[in-house]
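Colleague: Got a structure here, written out as structure tokens. Questions coming.
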Amino acid sequence: MITRIEPGPRYSSAVIHNDRICLSGYVPEAAAGQSVAAQTADVLAQIDETLREAGTDRTKLLKALIFLTDITTIGEMNSVWDAWVVPNQTPARATVEARLAHPSWAIEIMVEAAL
Amino acid sequence: MITRIEPGPRYSSAVIHNDRICLSGYVPEAAAGQSVAAQTADVLAQIDETLREAGTDRTKLLKALIFLTDITTIGEMNSVWDAWVVPNQTPARATVEARLAHPSWAIEIMVEAAL
Amino acid sequence: MITRIEPGPRYSSAVIHNDRICLSGYVPEAAAGQSVAAQTADVLAQIDETLREAGTDRTKLLKALIFLTDITTIGEMNSVWDAWVVPNQTPARATVEARLAHPSWAIEIMVEAAL
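Residue numbers (the numbering used here), protein chains in the order written: chain A, 10 to 124; chain B, 10 to 124; chain C, 10 to 124.
Structure representation (structure tokens):
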């Protein structure tokens, strides 16, 4: 009934329960330290990959919680986000400012999706 | 299986999946820039309206995540919140400080409810 | 269909809906003002207790949202967290910095679990 994707000693990349998947807060990997746009694209590509592994995709997003280290970069983040989400299939969303665990990260995104 | 309320190009006001609804982080509209109490009442009225559209109400709240731009205003927020929630039908809740996307917003609330 | 654990006038300690439980953001009680490690242990013990009351346990955690008032204490928090979670049964997780409602609190954790 619970299936974990990449379960680690500290957290799992994602956890599936019934017909819903909860992803961890994803942060940039290759794009860490680069522009907010590049970091956003990096994070969204990772989310795509995990959703794909779970047999779902971005059209089934339920909610997204977005943390930016500088809320004034929301426009730059949105420019990448808007091109990524599917019209009429967008999730509920909140975006707030928060300092993140590594100084090279400008964004962290935590989503839930339906399977 | 997924129903979206006011789906926009960036996010939806709310997303229904099975018997649960996830609302976006709601921010003040008419009360933006006014007192924390007024902004809280504004946000809660918007939440009421979306829950009503979905055929549910505040007695079925499951969880709430509240962001305040100044955590020391939590007492003022609570004075409005306490009058709004229904005794014995209160949600799980967390309240933390975070800078929000527009300087005229003092509060953002993201909730989930059962249908 | 909705069962609330310790429902109060402001929030409930936890809310059960179908086979999922949402806990409030838990903060330190006895360990408030002490080390981040002590506060983390305090919060996790409270989470254990609520999960137990609901008939579940930490092996069924789905997601965790962790707020630290100082993100540079994440290592100290993780040292306690890592010993608490069960290998291969870890939740999805996000950890960000946020100021909390009382200055003696260094950490707040909000989790969801399956029943």
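Don't be surprised by glycine CBs; every beta carbon is placed ideally from N, CA and C.
Can you tell me whether Met119 of chain B is helix, strand or coil according to DSSP?
Modeller: In the structure shown, Met119 of chain B sits in a strand (DSSP, three-state: E or B).
Colleague: Can you find the residues in the same chain that come closer than 7 Å, C-beta to C-beta, to Glu15 of chain C, ignoring five residues on each side of it along the sequence?
Modeller: Answer for Glu15 of chain C: Ser21 and Ser22, listed in chain order.
Colleague: Out of C:Ile30, C:Glu85 and C:Gln98, which one is the CA nearest neighbour of Ala115 of chain C?
Modeller: Ranking C:Ile30, C:Glu85 and C:Gln98 by Cα distance to Ala115 of chain C puts C:Glu85 first.
Colleague: At what residues does the alpha helix (DSSP H) containing Arg61 of chain B begin and finish?
Modeller: Val45 to Glu62 is the extent of the alpha helix (DSSP H) around Arg61 of chain B.
Colleague: When DSSP labels each residue in this structure, what does Thr142 of chain A get in the three-state scheme?
Modeller: What the structure shows of chain A is the stretch from 10 to 124, and residue 142 of chain A is not part of that stretch, so it cannot be assessed.
Colleague: Run through chain A and tell me which residues come within less than 9 Å of Arg29 of chain C, C-beta to C-beta.
Modeller: Neighbours of Arg29 of chain C on chain A, chain order: His26, Asn27 and Arg29.
Colleague: Beta-carbon of Met119 of chain C versus every beta-carbon of chain B: anything under 7 Å?
Modeller: Closer than 7 Å: yes.
Colleague: Could you check what DSSP says for Val105 of chain C in three-state terms: helix, strand or coil?
Modeller: Of the three classes helix, strand and coil, the one that applies to Val105 of chain C here is strand, per DSSP.
Colleague: Taking Pro18 of chain B as the query, report the chain A residues whose CB atoms sit under 8 Å from its CB, ordered along the chain.
Modeller: Neighbours of Pro18 of chain B on chain A, chain order: Asp91, Val94, Pro96 and Thr99.
Colleague: Would you list the residues sitting across from Ser21 of chain C in a DSSP beta bridge?
Modeller: DSSP lists C:Pro16 as partners of Ser21 of chain C.
Colleague: Between the segment 77 to 94 of chain C and the segment 107 to 121 of chain C, do three or more beta carbon pairs fall short of 8 Å?
Modeller: Yes: at least three Cβ pairs fall under 8 Å.
Colleague: Could you pull the DSSP bridge partners for Arg29 of chain A from this structure?
Modeller: In DSSP, Arg29 of chain A forms a bridge with A:His26 and A:Ala123.
Colleague: Under 7 Å, Cβ to Cβ, is there at least one residue of chain B near Val105 of chain A?
Modeller: Taking Cβ atoms only, chain B reaches closer than 7 Å to Val105 of chain A, which makes this a yes.
Colleague: Return the first residue and the last residue of the alpha helix (DSSP H) that Ala92 of chain B is part of.
Modeller: From DSSP, the alpha helix (DSSP H) with Ala92 of chain B extends over Ile83 to Trp93.
Colleague: Could you work out which residues of chain C lie near Ile80 of chain B, taking near to mean beta carbons separated by less than 8 Å?
Modeller: What Ile80 of chain B touches in chain C: Arg108, Leu109 and Ala110.
Colleague: Quick check on Arg61 of chain B: buried or exposed, where buried means 16 or more other Cβ atoms within 10 Å of its Cβ?
Modeller: With fewer than 16 Cβ atoms within 10 Å of its Cβ, Arg61 of chain B is classed as exposed.
Colleague: Inspect the beta-carbon positions of Glu106 of chain A and Ile75 of chain A and report whether they are closer than 7 Å.
Modeller: Contact: no.
Colleague: Interface residues of chain B around Ser33 of chain C at Cβ under 7 Å?
Modeller: Here the neighbours are Ala101, Arg102 and Ala103.
Colleague: Please compile the residues from chain C whose C-beta is within a distance smaller than 7 Å of the C-beta of Ala123 of chain B.
Modeller: Result: Met10, Ile11 and His26.
Colleague: Per DSSP, Ala40 of chain B forms a beta bridge with which residues?
Modeller: Partner(s): none; Ala40 of chain B has no beta bridge.
Colleague: Return the bridge partner residues of Lys72 of chain C from the DSSP annotation.
Modeller: C:Ala101 and C:Glu121.
Colleague: For Ile11 of chain C, write down the residues that DSSP places opposite it in a beta bridge.
Modeller: Answer is C:His26.
Colleague: Compute the distance between the beta-carbons of Pro100 of chain A and Ala123 of chain A, then report whether it is under 7 Å.
Modeller: Contact flag unset, no.
Colleague: With a threshold of 6 Å (Cβ to nearest heavy atom), would Ser33 of chain B be considered close to the ligand ATP?
Modeller: For the structure depicted, the ligand ATP is absent and the ligand set is empty, with no information on it obtainable.
Colleague: Determine which residues of the segment 60 to 78 of chain C have a Cβ less than 7 Å from any Cβ of chain A, and write them out in chain order.
Modeller: Hits within the stretch, in order: Lys69, Leu71 and Lys72.
Colleague: Residues in its own chain within less than 6 Å of Ala103 of chain C by CB, not counting five upstream and five downstream?
Modeller: Excluding residues within five positions, the ones whose Cβ falls inside 6 Å are Leu74.
Colleague: How about Ser88 of chain A: is its C-beta nearer than 7 Å to some C-beta of chain C?
Modeller: Not an interface residue.
Colleague: Mind checking if Ser44 of chain B is an interface residue toward chain A, Cβ cutoff 7 Å exclusive?
Modeller: Judged by the 7 Å Cβ criterion, Ser44 of chain B is not in contact with chain A.
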